[in-house]
Amino acid sequence: MYFYIYDSFLTNKKYARTISKIETRVARLGIDGKKRQLTVLKNVKEMVNDMLKHESSTIVIVGGDETFYAAAIPMAGSRAVLGFIPTDSHSSAAHVLGLPLNEYACDVISARRIETVSFGKVNKQYFFSSLEFTAHKVVLNADDTYQIIPKRVKSIKVINLDLLQFEQLSEEPDFKKMASNPKDEYLEVLMGTPGQKFLFWQRKEKRDSLFFVKKLKVDAKNPKDEVKITLDKNKTVKTPAVVELAQERLKVIVGKDRLI
Amino acid sequence: MLGKEGKIKPEDAETIIGAGVKVEGTFAAFGNVIIKGQLLGSLETKSRLELREGGRIEADITAKNASVGGEVKGNLDVEEKIELASTAKVSGDLTCRVLAIEEGAVLNGRCSVGSDAASSVIQEEREEERKERKKE
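Shown next as structure tokens:
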């Protein structure tokens, strides 16, 4: 059974035509199902948990990356399948999973090409895409065998499922073609320095280092300090933290142009 | 490891230790390793090691191939080929099948080069151990 969760921003009138086209396509392909709209009062976690009570459900998120990542978390280890219809042309998840935009993604949902991907875990909290934190106050211990000491690095990103870059406007054009592999037993640790542009708002993050780890301990250099770690751009945890892969997996619908 | 379009499989994924990073401890990789920063401890890779100019390693190194453009303090045990660029500074013993040294490179240490290099070094060590045992 198909369930569709519409992102909260899609209630804006400017998306009415897009939604209409998606719904027409879904009906034509014979994959229509129950529709739910996210609002300030209805969060995605509760909605997904309700849908998981039905057997063999396919939950499709229509909207942005953040909602897609948030929907994945309660689905960890379940038999349900997660689909995504991206409506944002800057969507990293769409790029990684090989999904076209708007109504064209319905064809991919209908084709049901499925990959099983992993979750990351930090201090018992799951993350699906990546986590980020500032580099100058932390010391990292990788796989209990070596220490990574950031010296002239600004940001650190630990990636489960994302492009190997900091933002869409990264200074590394080749990295737009590279994604982490969420099917193996490693997390990618990407470190970046600001690019050398005179105007600070033009200084995009530039790749400095890349490590592959199974387990990463993140501690503040000064034990009195606490460093905030942002998970999937919407939750935060504080150091000390242990980052590793979770045992749970998730089935995700992907396109033929996927990077994973 | 890197994804499909990057065409890099787990066995040849590239670990990059950038100029802004220092690594301390036992570092083992199964893919290529590029070092522009600092590494202290020991380094082992089943693929290629590339130490770029400005990079510094204070460690015993085991690799399949090595290209050195920076500074190394430690022994290099390489299965195939070691290339020392003109900017390389090596203080330690080299063991490899093929050695290429560019003009300007600095090398302080012994070299064991050839197809039997690795095994001959091991044999020498074993003979020394035997002699020590006899003395005891």
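Just so you know, the protein sequences line up as chains A and B, in that order. Its first residue numbered 1004, the first sequence is counted upward by one per residue in our numbering. Its first residue numbered 10, the second sequence is counted upward by one per residue in our numbering. Where is the CB? At the ideal position from N, CA and C, for every residue including glycine. What you are looking at is a predicted structure, and each value in this text was computed from that prediction instead of being measured.
The bridge partners DSSP lists for A/R1028 come to none. In the DSSP annotation of this structure, the continuous segment of the beta strand (DSSP E) that includes A/S1133 starts and ends at S1133 to T1137.
Per DSSP, A/V1230 lies in no beta strand (DSSP E) and is assigned neither H nor E. Counting C-beta pairs with one atom in each stretch, the segment 81-92 of chain B and the segment 102-111 of chain B have three or more that are closer than 8 Å, which means they touch. Under the Cβ criterion of 9 Å, A/Q1150 is counted among the residues facing chain B. Within the segment 51-67 of chain B, no residue has a Cβ lying closer than 7 Å to any Cβ of chain A. Within chain A, the residues whose beta carbon sits less than 7 Å from that of B/I25 are S1212 and L1213, listed in sequence order. Excluding residues up to 5 positions away in sequence, F36, A68 and I70 lie with their Cβ nearer than 6 Å to the Cβ of B/L52 in the same chain. Sequence-distant Cβ neighbours of A/S1081 in its own chain, meaning closer than 7 Å and more than five residues away, are L1055. Beyond the five residues adjoining it in sequence on each side, A/K1124 comes within less than 8 Å, by CB distance, of F1130, V1246, E1247, L1248 and A1249 in the same chain, given in chain order.
In this structure, A/A1097 places its C-beta atom within 9 Å of the C-beta atom of A/P1089. Take A/R1155, set aside five residues on each side of it, and the residues of its chain with a beta-carbon closer than 7 Å to its own are T1196, in chain order. The C-alpha of A/V1141 is placed about 37 Å away from the C-alpha of B/A114. Proximity of chain B to A/V1156 at the Cβ level (cut-off 8 Å) is accounted for by G27, G29 and V30, in chain order. Contact check for A/N1237 and A/A1073: beta-carbon distance about 6 Å, within the 8 Å limit, so the pair qualifies. Listed along the chain, the chain A residues whose CB falls inside 7 Å of the CB of B/G34 are T1148, Y1149 and Q1150.
Rounded to whole angstroms, the separation of the alpha carbons of A/M1078 and A/Y1018 is 27 Å.
Counted as a single uninterrupted DSSP element, the alpha helix (DSSP H) harbouring A/L1100 occupies residues S1095 to L1100. With respect to chain A, the C-beta atom of B/A114 has no partner C-beta closer than 9 Å. Going by DSSP, A/T1070 is part of the alpha helix (DSSP H) stretching over D1068 to A1075. Between the segment 1110-1118 of chain A and the segment 1039-1058 of chain A, the count of Cβ pairs shorter than 8 Å is below three; the stretches do not touch. Under the three-state reduction of DSSP, B/T96 is assigned to coil, being neither helix nor strand. The alpha carbon of B/L116 has as its nearest neighbour, out of B/G123, B/S124, B/I66 and B/L103, the alpha carbon of B/L103. For A/M1194, the secondary structure class from DSSP, reduced to helix, strand or coil, is strand. Cβ contact annotation for A/A1182 (same chain, cutoff 8 Å, sequence separation greater than five): H1098, V1099, L1164, D1165, L1166, L1167, L1262 and I1263, in chain order. CA-to-CA, the gap between B/G64 and B/G40 works out to about 19 Å.
Using a 10 angstroms sphere on the CB of A/T1061, the tally of other CB atoms reaches 16 or more, which defines it as buried.
Take A/K1218, set aside five residues on each side of it, and the residues of its chain with a beta-carbon closer than 6 Å to its own are D1146 and E1247, in chain order. The DSSP-derived three-state label of A/L1262 is coil. Per DSSP, reduced to three states, the secondary structure at A/V1257 is coil, with no helix or strand assignment.
Chain A has a Cβ within less than 9 Å of the Cβ of B/A38. A straight-line Cα-Cα distance of about 7 Å links A/S1092 and A/L1104. Pairing A/T1242 with A/A1223 gives a Cβ-Cβ distance under 9 Å. Identification of chain B residues near A/M1004 by a Cβ-Cβ cut-off of 7 Å yields none; the smallest Cβ-Cβ distance measures about 31 Å. The beta-carbon of A/P1153 is placed less than 9 Å from the nearest beta-carbon of chain B. By a beta-carbon distance limit of 8 Å, A/G1066 contacts A/D1010. Their separation comes to about 2 Å.
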